[in-house]
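Undergrad:
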Amino acid sequence: MGDGTSNRYSSGIVIGQVALLLLVLGIIEYLVRAGIVGSLYLSAPTEVIHEIIKLFADGDVFHHLSVTLREFAAGYALSAVAGIGTGMLLVLVPKAEMFFKPFLSALLAIPKVTIIPLLMLWLGIGLSNKVAIVFLFCFFTIAFNTITGIKQTAENHLKVARVFEASKVQTIIKVILPSAAPTIFVALRLSAATGLVGALFGEMIASKDGLGNLLVQATSLYNTAQAFAIITVVTIVSVLIIAVIDLLEKRVVLRWKSS
Numbered sequence: 364m365g366d367g368t369s370n371r372y373s374s375g376i377v378i379g380q381v382a383l384l385l386l387v388l389g390i391i392e393y394l395v396r397a398g399i400v401g402s403l404y405l406s407a408p409t410e411v412i413h414e415i416i417k418l419f420a421d422g423d424v425f426h427h428l429s430v431t432l433r434e435f436a437a438g439y440a441l442s443a444v445a446g447i448g449t450g451m452l453l454v455l456v457p458k459a460e461m462f463f464k465p466f467l468s469a470l471l472a473i474p475k476v477t478i479i480p481l482l483m484l485w486l487g488i489g490l491s492n493k494v495a496i497v498f499l500f501c502f503f504t505i506a507f508n509t510i511t512g513i514k515q516t517a518e519n520h521l522k523v524a525r526v527f528e529a530s531k532v533q534t535i536i537k538v539i540l541p542s543a544a545p546t547i548f549v550a551l552r553l554s555a556a557t558g559l560v561g562a563l564f565g566e567m568i569a570s571k572d573g574l575g576n577l578l579v580q581a582t583s584l585y586n587t588a589q590a591f592a593i594i595t596v597v598t599i600v601s602v603l604i605i606a607v608i609d610l611l612e613k614r615v616v617l618r619w620k621s622s
């Protein structure tokens, strides 16, 4: 009875969300078609859908998408490994956090966009430049959330590990990481979205390929429909990436619980 009610409630929410989305799109369609809002500033949803179909029919978007995803994947993976590793190091090594955290906080406070011209000077405008930008957009979020997550480990759990004479490695794997996992995965989800934005931002400033470059071309030609089409593609990609992280979180947490 309870499950049936819950399922009907969930279905009702989904239907309501779809209805709201269709209503908003319908209003936008009307405003543009009626000339109330100029097509230079806002594009009709039907035109955006047409541009999305055109982008994939031409096939050129696949090259740009693969470039952006390659830049994002490399920078994101490096930032995840470095961020989690740095966070663990600062908390688990005595006095390390006290010594290094002010430096990390100072680096975090630096606006990332001000560093991008220097990265172009040091690394050029190729893949390494975009990877570095994604890394900067993701690293600090992951590192600081890892620190927070590890500090939230229950003292009772640590005492049990000491009672059973668990080694340092066993304590980290069996107690600390499972406790910190939810907070770490929150950081991974947040940084995934910001990292993709970082890759696009780098491409928009200086690049010959990528979705960011494609977006700049569309806006420079005042092709608003194509610009919205590219934004839609980027949004869908971002949602899919976060969905993959959610799936990974469920599997990792389930494995830790079963062990």
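FYI, in my numbering the residues of the sequence shown are 364 to 622. Glycine is no exception: its CB is placed at the ideal position from the N, C-alpha and C atoms.
(1) Would you decide whether T477 is buried or exposed? Buried here means 16 or more other CB atoms lie within 10 Å of its CB.
(2) Can you tell me where the alpha helix (DSSP H) with P465 in it begins and where it stops?
(3) Judging by CA-CA distance, which residue of I376, G398, P408 is the nearest neighbour of V387?
(4) Give me the residue from V602, L603, V600, T582 with the minimum Cα distance to L405.
(5) Assuming contact is defined by CB atoms lying nearer than 9 Å, are F591 and E414 in contact in what I supplied?
(6) Which term fits K493, buried or exposed, when burial requires 16 or more other beta carbons within 10 angstroms of its beta carbon?
(7) Once you ignore the five residues that flank F425 on each side, which residues in its own chain have a CB closer than 8 Å to its CB?
(8) Quick one: residues in its chain with C-beta nearer than 8 Å to the C-beta of M364, no 5 flanking neighbours on either side, listed in chain order?
(9) Mind checking which residues open and close the alpha helix (DSSP H) that includes T557?
(10) Using 9 Å as the limit for Cβ to Cβ distance, is G379 near chain C?
(11) Helix, strand or coil for Q515, going by three-state DSSP, please let me know.
(12) Can you find the residues in the same chain that come closer than 7 Å, C-beta to C-beta, to V395, ignoring five residues on each side of it along the sequence?
(13) I need the boundaries of the alpha helix (DSSP H) containing N576, first residue and last residue.
(14) Hey, is V424 close to the ligand FAD, as in C-beta under 8 Å from one of its heavy atoms?
(15) Determine the DSSP secondary structure at V596, reduced to helix, strand or coil.
(16) What is the rounded straight-line gap between the Cα of Y338 and the Cα of L563?
(17) Mapping DSSP to helix, strand and coil, what is N586?
(18) Which residues in the same chain as L453 place their Cβ atom closer than 7 Å to its Cβ, once the five residues preceding and following it in sequence are excluded?
(19) If you run the structure through DSSP and keep just helix, strand and coil, what is L386?
TA: According to the structure shown:
(1) T477 is exposed by the Cβ-count criterion.
(2) 459-472
(3) P408
(4) T582
(5) In this structure, E414 lies closer than 9 Å to F591 by Cβ.
(6) buried
(7) F419
(8) For M364, the pLDDT reaches just 46, beneath the cut-off of 50, and the residue's location in the model is therefore unreliable, although a value from the coordinates is still provided. No residues qualify anywhere along the chain.
(9) Looking at the DSSP string, the run of the alpha helix (DSSP H) that includes T557 is 540-568.
(10) Protein chain content of the structure displayed is limited to a single chain, and chain C is not contained in it.
(11) Correct three-state label for Q515: coil.
(12) S402, L405, S406, A407
(13) Note, N576: alpha helix (DSSP H), 574-583.
(14) Inclusion of the ligand FAD in the displayed structure is not the case, the ligand content being empty and no account of it being possible.
(15) helix
(16) An answer regarding residue 338 cannot be provided, because it is not within the stretch 364 to 622 covered by the chain.
(17) coil
(18) A459, E460, F463, K464, I510
(19) helix
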